[in-house]
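A.B. asks: One structure, pasted below without further comment.
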Amino acid sequence: MKKTFISSAILISMFGIAPQAFATEAGVQQATGEGFYIGAGTGMGLIEESELPSGSEHDAHALKLEGGYDFGNHFSVYGGYGYMNDFGLNDGANADLHIAEMGVKGDLNVTENLSMFGKVGGAYIFADNTDGDVFKKENAVVAAGVGLEYQLTHAVSTQVGYDIYADIEKANGGKTDLHQVYWGMSYKFGQPETPMVVTEEVVKTVEVVEEVPSRAHYVLPFQVGSSDINEYGAFNLNEVAHAMLANPHLQAELIGRTDTSGSDATNQRVSAARADAVADYLVSKGVESDRIVVLSVADQSPISQSDALLERSVEITLL
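According to the working numbering, the sequence shown is numbered sequentially starting from 1.
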């Protein structure tokens with residue numbers, strides 16, 4: 001048909017001139033997501049079976065072309081042309097639909113490359129009826145749609161979507177909704193090139209420098225009758241653990257002590273508990289238990305003769 005041929009020519013010519021028309025604009029766009037875009041898609045147009053007589057053609061192949069301006073990553077304005085061929089009645093009448101539409105579109109990012117979109121606008125539908133009337137020749141309707149868009153590169157994206165054109169008047173005076181499902185591709189001008197990722201194995205020689213511990217001897221004091229590690233003890237034990245992890249050959253000798261205030265049995269129990277608490281702390285920091293020697297001497301091997309605080313301690317020696 002003549003109108004079909006003219007519509008096809010419009011599609012081809014728009015694709016041909018669009019890159020040239022937007023080339024200057026694209027050259028000054030920054031990598032902000034803004035820019036002109038064009039896209040094309042294919043799919044199916046559908047009308048509910050109950051809306052046409054039995055035996056009628058309720059679906060038609062659909063083509064669409066869209067262009068617009070994206071103001072960022074979340075809002076754009078668009079205009080488009082769509083073509084659906086050969087909706088038919090059971091009496092031989094059929095219709096090709098030419099759809100011109102424009103509106104606004106919003107995007108919501110789902111992942112870095114995947115987004116959902118919704119759009120709303122108006123459409124003018126021209127029905128090219130043959131061998132009888134299927135639809136009213138001209139319709140102005142509300143158009144809306146939703147879909148998913150996946151960004152393949154900075155400039156190229158692919159979409160799947162659903163559109164609805166509400167309350168199209170049929171030739172018999174009734175109204176129906178026109179549905180469209182489609183897949184398409186789009187190109188946005190003025191976007192930076194997507195860099196090629198090249199994976200290279202880099203062999204790097206790492207010189208292992210053995211750390212020399214700044215200290216080799218520690219005395220950690222405890223409260224009377226207690227084996228709980230205080231903040232001062234934890235600070236020093238973290239230093240001990242760091243030195244032992246950095247120097248795998250080091251071993252730690254722990255000697256638990258008490259002052260003379262308790263009985264022999266109590267002092268032996270408390271001194272052992274203190275040494276065990278220190279050993280458990282070092283193990284919790286990653287030091288192997290077989291690198292720790294645990295001893296307890298109660299009050300039998302004092303460090304000093306009169307300093308009770310110094311005796312209530314665990315002595316650590318790095319060997």
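All C-beta atoms, glycine included, are put in the ideal place defined by N, C-alpha and C.
Near E101, what residues of its chain come up, given a Cβ to Cβ distance below 6 Å and the 5 sequence neighbours on each side ignored?
C.D. replies: The residue you call residue 101 lines up with position 101 of the sequence shown. Cβ within range, chain order: G80, G121, A123 and A143.
A.B. asks: What residue from Q268, G184, T317 and V297 has the CA that sits closest to R291's CA?
C.D. replies: Here residue 291 corresponds to residue number 291 of the sequence shown, with the count starting at 1. Closest by alpha carbon: T317.
A.B. asks: In three-state DSSP terms, what is A123?
C.D. replies: In the sequence shown, the residue the question calls residue 123 occupies position 123. Note: A123 maps to strand in three-state DSSP.
A.B. asks: What separation, rounded to the nearest whole angstrom, lies between the Cα atoms of F22 and F189?
C.D. replies: As a position in the sequence shown, residue 22 is number 22, starting the count at 1. As a position in the sequence shown, residue 189 is number 189, starting the count at 1. Note that F22 scores a pLDDT of 37, beneath 50, so its modelled location is shaky; the value from the coordinates is reported in the next line. Those two C-alpha atoms are separated by around 7 Å.
A.B. asks: Beta-carbon within less than 7 Å of Y218's beta-carbon, same chain only, minus the 5 sequence neighbours each way: which residues are those?
C.D. replies: By 1-based counting over the sequence shown, the position of residue 218 is 218. Correct list, in chain order: N236, V240 and I316.
A.B. asks: Given a cut-off of 7 Å on the beta-carbon distance, is the pair A275 and V294 in contact?
C.D. replies: Reading the sequence shown from its first residue, position 275 is the one you call residue 275. Reading the sequence shown from its first residue, position 294 is the one you call residue 294. Going by C-beta atoms, A275 is nearer than 7 Å to V294.
A.B. asks: I believe D70 touches Y37 by the beta-carbon criterion, under 8 Å. Please report the beta-carbon distance rounded to the nearest angstrom.
C.D. replies: For the purposes of this step, residue 70 is identified with residue 70 of the sequence shown, where counting begins at 1. For the purposes of this step, residue 37 is identified with residue 37 of the sequence shown, where counting begins at 1. The pair is a contact, with the Cβ atoms about 6 Å apart (cut-off 8 Å).
A.B. asks: By the 10 Å Cβ neighbour count, where 16 or more other Cβ atoms means buried, how is N230 classified, buried or exposed?
C.D. replies: Counting from 1 along the sequence shown, the entry for residue 230 is found at position 230. Looking at its Cβ environment, which holds fewer than 16 other Cβ atoms inside 10 Å, N230 is exposed.
A.B. asks: Where DSSP assigns a beta bridge to N109, which residues make up the other side?
C.D. replies: Looking up residue 109 in the sequence shown gives position 109. Bridge partners of N109: S115.
A.B. asks: Starting from V293, trace the beta strand (DSSP E) both ways and give me its first and last residue.
C.D. replies: One-based indexing of the sequence shown puts residue 293 at position 293. Segment I292 to A298, the beta strand (DSSP E) holding V293.
A.B. asks: Taking the C-alpha atoms as reference points, what is the distance between I168 and P192?
C.D. replies: Position 168 of the sequence shown holds residue 168. Position 192 of the sequence shown holds residue 192. Each residue's alpha carbon lies about 42 Å from the other.
A.B. asks: Going by C-alpha distance, which of A155, E149 and L309 is nearest L220?
C.D. replies: Here residue 220 refers to the residue found at position 220 of the sequence shown. Out of A155, E149 and L309, L309 has the C-alpha closest to the C-alpha of L220.
A.B. asks: Would you kindly work out how many angstroms separate the C-alpha atoms of D163 and G35, rounded to a whole number?
C.D. replies: On the sequence shown, position 163 is the one that residue 163 refers to. On the sequence shown, position 35 is the one that residue 35 refers to. When rounded, the distance between both Cα atoms is 24 Å.
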